[in-house]
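Below is one structure; the comments refer to it alone.
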Amino acid sequence: MASSPLAYYPGCSGLGTSMEYDRSTRAVCEALGIPLKDIPDWSCCGSTPAHTVDHALSTALSARNLIQAETIGLSDIATPCPSCLKNLKTAMARWQDPKIGPAAEKLLGKSLQERHRVRSVLQVLYEELGPEALAAKVSRPLAGLKVVPYYGCLMTRPKDLMDFDDEEYPVSMDRLLEAAGAEVLPFPLKVECCGASMGIPLNKAVTRLSGKILELAASLGADAVAVACPLCQMNLDLRQGQVEKANHAIYKLPVFYYTQLLGLALGLPERDLGLSKLNVNPEPALALIRQSRPKPAAETAATTEDAA
Amino acid sequence: MSVLEGKERRIIGFLCNWCSYGGADTAGVGRFSQPTDLRIIRVPCSGRINPLFIIKALLSGADGVLVSGCHPRDCHYAEGNFYARRRLEMCKQLLPAVGIDPLRFEYTWVSASEGQRWQQVVTDFTAQIHQLPPALRFSESPDLELLRQCG
Amino acid sequence: MRIGVFVCHCGSNIAATVDSAAVAAAARDFDEVVFSTDTMYTCSEPGQTGIIEAIKTHALDGVVVAACSPRMHEPTFRRAVERAGVNRYMVEMANIREHVSWIGKDKEANTNKATELVRMAVEKLRLNRPLFPKTFKATRRVLVIGGGVAGIQTALDCAEAGLEVVMVERESTIGGKMAKLDKTFPTVDCSSCILGPKMVDVAQHPNITLYASAEVEAVSGFVGNFEVTIRKKVTCVDWEKCTGCGLCTEKCPSKKAYNRFDEGVGPTTAINIPFPQAIPKKAVIDKEFCRYFTTGKCGVCAKICPTGAINYEQQEELAQEKVGAIVAATGYDLFDWRAYGEYGAGRYPDVISSLQYERMLSASGPTGGHIKRPSDGKEPKTVVFIQCVGSRDASIGRPYCSGFCCMYTAKQAILTKDHIPDSQSYVFYMDIRAPGKAYDEFTRRAMEEYGAQYVRGRVALIYPKGDKLVVRGTDTLMSSQVEVEADLVVLAAGAEAARNASGLAEKLHISYDTYGFFVEGHPKLRPVETNTAGVFLAGACQGPKDIPSSVAQGSAAAAKVLGLLSKDVLESDPQIAQVTLQRCIGCGKCIRVCPFQAIRETDFRGQRKAEVIEAVCQGCGLCNATCPQGAIQLSHFTDNQVLAEVEALCRC
Amino acid sequence: MNLTELPRHSILYDATGILKARLLLKISKDLRVFSNTARLRVPRHGDAGRSVICADVAKRHGVSPDYRKGQSGFPARSRYFVLHCNPGGSGMDRVNLASSDRDFIRQVEEESGQTISRCYQCGNCTAGCPMGFAYDLPVHRIMRMIQTGQKEAVLSSKSLWYCATCEACTARCPNQIDVATIMDVCRHMARRENRLGVWSVRVFTRSFLETVKYFGRTHELGTMAGFMLGTGRLLTDTDLVPKILPKKKLALKPHTIKAREEVSGIFKRFRESQKEGNHGK
């Protein structure tokens, strides 16, 4: 496990619509002994809008944060948000591009010094800690909770850039949630697009695409969806009402950040996990979890094995 | 006649008959255009190549030497290219000792079916040699002049 | 030496970008060149006659031909000079076509380069000495590796012509992929009906020795005199005693063994005979599933076997065979489509490969010829076929077209309608490649008579929804996204080189391409030969091929073998290593590096010396480059000759 | 004149038809736009010149009587207005292959680092595209039109703006073409040429980046406000307000970073570089 702290990049939505993701991520990392240190005075990575306007602009906006991390002497960076992750990783790659790199450097007025390593918090938890070590720390297994893992379109692609898990059928979140005692259902649409930032300019995109995801999840008999992306969560959770209306359906599927679920399994107080911030009422799902009894460590390990 | 002044460099290729010479033929059959600098000497196997050939060529005024054989494990003579690999690598390491820029010598593996790869190899190596200053011609070599005076 | 130089125009192939006449003129100034000319087609009848006449007129004793690659026409010109009474090894070629005229358009640079290549050839020729081939006796037997339809054809053709044939097959039965097929395109005739009799012929032919469940372990020697070691794998059944009665397979309690012959569609027993028409019809125990081996107690088959053929303690055996020629007919394997994550990577039971589907269609297959979904055994009504899975896809390292998938998919679509009249097939394709006799008409029939809906586009995603599979693709001709809810998806998996083909190629000293397919001697003119004398190719081991092409190649390879072995003696290539005894210090380095054990130690007046075994030396020259004394020299590629070439290039 | 009596093949529109319709709606409140599908529909490129497809926004609107009457070919005082098309490179108009814009092809290749000729039109990009339903040109057709140098058609396509950059096309391309980057690059080119594209997407992008420019970080509420004001879609997502407000997630005040100027400087220099670039061209 990382003994020196990771430079933490919360991403803008962590201050707003996905504050529960940020909060639960910090709580879980603390409980698991993964020290995080915020990148000082971090700024927006530019997200999708920036790279659709210009690659040098997007690179400059993202690279600023890598340079900010350098100021505290850290080059191992973790972020919960896949969109930020992709932008930071792309910025590193494009910085080497003979055309974009110098243009970005001109815009930024600063230079990128180190070879950074940027990972998602999911990747850090999966690779540095691993499901087995997690299982050993679980005090309240999520037994009885049927959950579908939804990774979103950016977490694993493109393969060469993201360099993590299977591009079409990732399993890292599955394994972590299984280690937390949940029943993880095989979900074929793990990396399908939810409509992304089209929710505002073209609402139909979200009602259509998120609709497919929620519909399949419901038809599989899931109690909840676990996600790792703020935008996915917003589309599936906050906009679930819009989706239901457009598709004449009722799903009532709570959409948790996977970190919230891990936090529950680790026995962290619900307050620290921001469960009250969710839009679709999570209570029915939480009730299922509360029914389960705390288990001794040995038994927890056995559960994991079965699940694996 | 001579190497076209200013246009070409003197590049000598040693190619094994079974793979790389065939690969160069395949490139020709496919009309994959290449720089004209390279002159190819055919040998049965890359294992036939004595590093002395390479050094002799470079000392005699060749601007570059390119050796190409079958891919390792795919040698027509079972293991000739394994020996070649060892010798050629050693040769590359030794070149600075005789005052030759090691960039003037490369070895690679191209199979008889890899016409496009051969085109790439030739194009890249020729460009690499054009980056370097022209080698001293045989007659211009100061060492030789020195030798002649001594002799 | 009196040298003549002949510079070819090759029509416009050379003359378009090389001034052949100028090259010929420049060559007149080269040392010892007494005659030089340019000709339109040097390899043609008048061209060769021109060489012969020039030799006689100008008393030439060496010839340089500047034309195409020596890999193409060196033998032609060697025969030509021999007809004029000059030793055939007194010819050198300058490759001014493949290496000059075809790869550059700058005529000045090309002409200059061609002239230098001629100078190089002249300098080398000046050091050539006449060489005389030795003759040796050839073994009139042939080894056929692989018992698929191509190998079977080669074996039967050779055996009929009187050669002794040794056939080695990796599986426990011959028949290869064709034996697994239900019907064959474009005639829709029954595969086992046309292959079966040929398989029986192999078993019964007095000239054919069959090693099934065996692999080639090692090959040594050379054309005419190969020494082959064959490893007989453990079957735990004494095939001398086994009658193929099948009692053991009926009683075997382990009934969940992986069925290799049926591609995993339906299980088999741990002791099994792959299929009723198997040749040889002998039982084999799969140790991975046999209870005797997994639990230590069982032995039912041993008890029941009426001839006592079961032998759990059986050991591997090695057999030796001497042959004069080898035919590789090792076929192909199906691409493992699990590389496609978007098609479920094997997670969805109702997404199957084309060969699995073929087994389902087959009346002797695991479903008795009924199409059933693996998940629930139901008959599918909507079947989606996806072509180019593992073909024409650079992203998974398979950029080539497998050739036959378009046709077998059309056949499977037709058979689907035959089996389930109220079914609807959809075929996702990129291009329909049907260039054979009656092939395109066949694919049209699939559409017109059998109502298969062809959709031009790839499929991006398959996912299960309820008990259906949602297939999400494009119809590029409609320019729109399409979706089909299918009951069964059949992936037309492409062909790739047979498992461990490269390993066999290394044993045979033949080349293989990037994908593991064996490389033929010439892509057009030597399709079944290899660059290793005495080793030939047949069928899909050279590249994906359908049945007619494989059979044609099988016969072609047989013809080549028969041609080679029709003589009692063969000539050896005299371009081999020679030892200069005075220089040899007997260090033995050459003996150690020789890959063919062609050099031995000998005693010369009490001194240790190296001696080349002429019949064994292959002429690689490894010893030449190794010898610290320059005592061992490869004829026609001596140190002096290579250095003369280097000097010719550096001097000009 | 009754629109339903119009021959189906008589009305032309261009690829930005919907946008023009909307602009006109802003200008003139009593405007009626006709659609043969009787609902707002994004015109498909292949439809141009063949069928009547515009937006039926609201039957209660009248029509600007003499708007573009001269060009429309319809009687003056028509109650309907007709959007004119730019026939180049669309529909059944015969494309002159020799007029292929080679510079455009080269520019796309240069800026994206991709080889366009690698595309063999299998359609896998389109097959997996989640936003395909909103596109006027499917992705594989964009690729094809780049191959044939149809700059106008590509850069005026709405698809560029509806692309959600999910990269499914890139991930599944059998020829390893980074299709998503090509879409990105075409968008950049369209933007540099001041093409309007899809208004709502542009406004959203602008609103988002404005907040970044001013505060250093996005401000969700600010982005929304900018979008609503920019598009006039004042009711966007108002249904979500009662859901999100009690959660106290939306910060009213933006989170301004200390080094605000550093970020706004990036934007300033970017704008300057764009101006220079445009002048240079």
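Chains as they are written, first to last, in this note's numbering: chain V, 79 to 386; chain C, 103 to 253; chain E, 239 to 890; chain B, 620 to 900.
A virtual CB, placed ideally from N, CA and C, is assigned to each residue, including glycine.
Determine the chain E residues that contact residue i at a beta-carbon separation under 7 angstroms, and present them in chain order.
i        : result
C:Ala159 : Val884, Cys888
C:Cys193 : Within chain E, no residue comes near C:Cys193; the closest Cβ sits about 11 angstroms away, beyond 7 angstroms.
C:Glu181 : Pro833
B:Cys741 : Met668, Gly695, Arg696
C:Ala114 : According to the sequence as given, residue 114 of chain C is Ile; it is not Ala. Result: Val884, Leu887.
So for residue i, helix, strand or coil by DSSP?
i        : result
E:Gln835 : coil
E:Cys825 : coil
V:Ser82  : coil
E:Tyr327 : coil
C:Glu181 : coil
E:Asn862 : helix
E:His760 : strand
C:Cys147 : coil
E:Met405 : strand
E:Gln662 : strand
B:Ser697 : Low local confidence applies: a pLDDT of 32 at B:Ser697 is under 50, so the model's placement there is unreliable, with the coordinate-based value given in what follows. In this structure, B:Ser697 counts as coil in the three-state DSSP scheme.
E:Glu734 : strand
B:Gly681 : Reliability fails at B:Gly681, whose pLDDT of 34 lies under 50, so the model's placement of it is uncertain and no value is given.
E:Ile509 : strand
E:Phe370 : coil
Residue i: beta carbon under 8 angstroms from a heavy atom of the ligand SAH?
i        : result
B:Lys777 : Among the components of this structure there are no ligands whatsoever, and the ligand SAH is therefore not found.
So residue i contacts chain V; which residues on that side make the cut at Cβ distance below 7 angstroms?
i        : result
B:His759 : Within 7 angstroms Cβ-Cβ: nothing; B:His759 doesn't reach chain V, min ~18 angstroms.
E:Glu580 : Glu246
E:Ala632 : Within chain V, no residue comes near E:Ala632; the closest Cβ sits about 14 angstroms away, beyond 7 angstroms.
Mind pulling the chain B residues with CB within less than 7 angstroms of residue i?
i        : result
E:Gln625 : Neighbours of E:Gln625 on chain B: none; closest Cβ ~10 angstroms, over 7 angstroms.
According to the Cβ coordinates, are residue i and residue j closer than 9 angstroms?
i        : j        : result
E:Leu707 : E:Leu729 : no
E:Tyr449 : E:Ala557 : yes
E:Glu407 : E:Gly434 : no
E:Phe244 : E:Ala292 : yes
E:Ala452 : E:Lys471 : yes
V:His194 : V:Leu163 : no
B:His759 : V:Cys90  : no
E:Ile548 : E:Gly537 : yes
For residue i, which residues in chain C fall below 8 angstroms Cβ to Cβ?
i        : result
E:Trp340 : Gly130, Val131, Arg133
Can you pull the chain A residues whose beta carbon is under 9 angstroms from the beta carbon of residue i, in chain order?
i        : result
V:Ala128 : Note that chain A does not occur in the displayed structure, where the protein chains are V, C, E and B.
List the residues of chain E that residue i touches, going by C-beta distances under 9 angstroms, in chain order.
i        : result
C:Glu110 : Ala347, Asn350, Lys351
Note down, in chain order, every chain B residue with its Cβ under 8 angstroms from the Cβ of residue i.
i        : result
V:Lys237 : Ala790
- [ ] Report the residues of the segment 258 to 281 of chain E with a CB closer than 8 angstroms to any CB of chain C, ordered along the chain.
- [x] The residues in question are Ala264.
Task: Meets three-Cβ-pair contact criterion under 8 angstroms: the segment 751 to 763 of chain B and the segment 704 to 724 of chain E - done: These segments touch.
- [ ] Determine contact between the segment 247 to 258 of chain V and the segment 273 to 280 of chain V, defined as no fewer than three beta-carbon pairs at a distance below 8 angstroms.
- [x] no
Task: the segment 699 to 715 of chain E: positions lying closer than 9 angstroms to chain V by Cβ - done: Leu699, Ile700, Tyr701, Pro702, Lys703, Gly704, Val708
- [ ] Return the residues of the segment 771 to 798 of chain B that lie within a Cβ-Cβ distance of less than 9 angstroms from chain E, sorted by chain order.
- [x] Ala787, Cys788, Ala790, Arg791, Cys792, Pro793, Asn794, Gln795
Task: At least three beta-carbon pairs within less than 8 angstroms, the segment 130 to 145 of chain C to the segment 217 to 235 of chain C - done: The answer is yes - the segment 217 to 235 of chain C touches the segment 130 to 145 of chain C, with three or more Cβ pairs under 8 angstroms.
Open item on the list: Under 9 angstroms, CB to CB, which of the residues in the segment 827 to 844 of chain B have a partner in chain V?
Closed with: Phe827, Leu828, Thr830, Val831, Phe834, Gly835, Arg836, Thr837, His838, Glu839, Leu840, Thr842, Met843
TODO: Tell me, please, whether the segment 865 to 873 of chain E touches the segment 816 to 829 of chain E by the rule of three or more beta-carbon pairs shorter than 8 angstroms.
DONE: They touch, by the three-pair rule.
Open item on the list: Would the segment 124 to 140 of chain V count as touching the segment 100 to 108 of chain V if we require 3 or more Cβ pairs under 8 angstroms?
Closed with: no
- [ ] Taking 8 angstroms as the threshold, find out whether the segment 600 to 616 of chain E comes into contact with the segment 653 to 661 of chain E through three or more Cβ pairs.
- [x] yes
Open item on the list: Measuring CB atoms only, is the segment 127 to 134 of chain V touching the segment 822 to 834 of chain B, in the sense that at least three cross pairs come out at less than 8 angstroms?
Closed with: Using a Cβ-Cβ distance cut-off of 8 angstroms, the segment 127 to 134 of chain V and the segment 822 to 834 of chain B are in contact, since at least three pairs of beta carbons, one from each stretch, lie closer than that value.
Task: Interface residues of the segment 863 to 879 of chain E facing chain C [CB-CB below 8 angstroms] - done: Ala863, Thr864, Leu872, Phe875, Asp877
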